[in-house]
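In the working numbering, the protein residues as written are 4 to 225.
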Amino acid sequence: MLTQAQPLSGISFADRPETLYVDARKVADALGWEVVWEEATQRLSINNKVITSPSSVRRLLDGTALLVVGALRSLGGDVSWEPSSGTVTVKSGAHTIQIVRGAKRVEVDCATQRLQAWQGETLVLETPVSTGGAGHRTPTGDFTAGPVKERMHYSSLYNGAPMPYSVQVSGNIFIHGFTSVPRFPASHGCIRVPLNKGNPARWFYEWVDRGTPIRIQGRWQG
């Protein structure tokens with residue numbers, strides 16, 4: 004008798020849109036496979052097989068390993084795709100699991116100076132940010148990412164100031180990397196994301212798609 008687990012969220016990245024990833028530990032647990040992580044060698048083994056291809060694994064900033072869905076076949080899974088729904092079904096022995104490409108969304112809370120990025124039910128990124136300071140308050144509401152999305156953008160308002168990993172929110176308001184991201188509003192309206200501590204600015208840029216919904220809410224009370 005097959006054991007059907009709850010569907011898992013498939014994770015995708017804008018820099019590799021054709022590739023779908025899944026939480027390596029969650030999918031292995033659902034299929035009854037053993038997972039071994041060797042910290043000293045940074046080596047991941049699933050179902051007694053070592054993942055040798057660096058391109059098969061990506062990581063969330065919290066260290067969670069994501070595995071290319073297609074690699075499950077080489078690990079012993081029976082993988083089938085349903086193009087119309089974007090659903091992947093994986094079977095192994097008495098276990099079966101579905102992986103569904105999750106919808107992306109971004110939430111920025113000006114009250115707490117935090118950005119959260121979600122794909123399906125998975126929180127893929129949470130990072131401190133710095134929004135617009137006095138006289139330059141970041142607009143709130145519902146927006147979509149883009150159309151401007153550039154690895155290096157230069158401000159048209161502030162003497163060509165560099166804005167690495169820029170994702171347009173609305174007009175001249177961008178989510179972008181910055182060297183100074185205090186835990187209070189300090190920008191001219193943009194949403195600053197750190198370039199250090201794993202570089203969440205770059206990670207967000209590589210993940211977010213043009214058209215991803217972005218909700219900005221809250222008001223700083225500090």
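Glycine included, C-beta positions come from ideal geometry on N, C-alpha and C.
Can you tell me which of G136, A68, L23 and P57 puts its alpha carbon nearest to the alpha carbon of K29?
-> To locate residue 29, count along the sequence shown from 1; it is residue 26. Of the listed residues, the one whose Cα sits closest to K29 is A68.
Would you grab the beta carbon distance between K94 and D212 for me? Rounded to a whole angstrom, and I think it's under 8 Å.
-> Residue mapping note: residue 94 aligns to position 91 of the sequence shown, counting from 1. Residue mapping note: residue 212 aligns to position 209 of the sequence shown, counting from 1. Your pair K94 and D212 does not check out as a contact, with CB atoms roughly 30 Å apart and the cut at 8 Å.
Backbone CA spacing between V170 and Q220 [nearest angstrom] = Residue 170 sits at position 167 when you count from the first residue of the sequence shown. Residue 220 sits at position 217 when you count from the first residue of the sequence shown. Approximately 18 Å between the Cα atoms of the pair.
Between G192, A137, P197 and T90, which lies nearest to L160 when the distance is taken from Cα to Cα?
-> Your numbering for residue 160 matches position 157 in the sequence shown. L160 has its Cα closest to that of G192, out of G192, A137, P197 and T90.
Across which residues does DSSP place W121 in a beta bridge pair?
-> Here residue 121 refers to the residue found at position 118 when the sequence shown is read from its first residue. DSSP, once it has assigned bridges, lists R108 and L126 as partnering W121.
Should L128 go down as buried or exposed, given a rule of 16 or more other Cβ atoms within 10 Å for buried?
-> Here the question's residue 128 lines up with position 125 in the sequence shown. Under the 10 Å beta carbon count, L128 is surrounded by 16 or more other beta carbons and is classified as buried.
Would you call the region 162-177 and the region 84-91 in contact, with 3 or more CB pairs under 8 Å?
-> Taking 8 Å as the limit for Cβ pairs, the verdict is that the region 84-91 does not touch the region 162-177.
Rounded to whole angstroms, what's the CA-CA distance from A74 to S59? Just pull it up for me.
-> Within the sequence shown, numbered from 1, the residue matching residue 74 stands at position 71. Within the sequence shown, numbered from 1, the residue matching residue 59 stands at position 56. Cα-Cα distance, rounded: 7 Å.
Alpha-carbon spacing of E110 relative to T143, whole angstroms | In the sequence shown, counting from the first residue as 1, residue 110 sits at position 107. In the sequence shown, counting from the first residue as 1, residue 143 sits at position 140. Distance between E110 and T143, taken at the CA atoms: about 11 Å.
What residue does the beta strand (DSSP E) around S158 start on, and which one ends it?
-> Along the sequence shown, read from residue 1 onward, the residue named residue 158 stands at position 155. That residue, S158, is in no beta strand (DSSP E); it is neither H nor E in DSSP.
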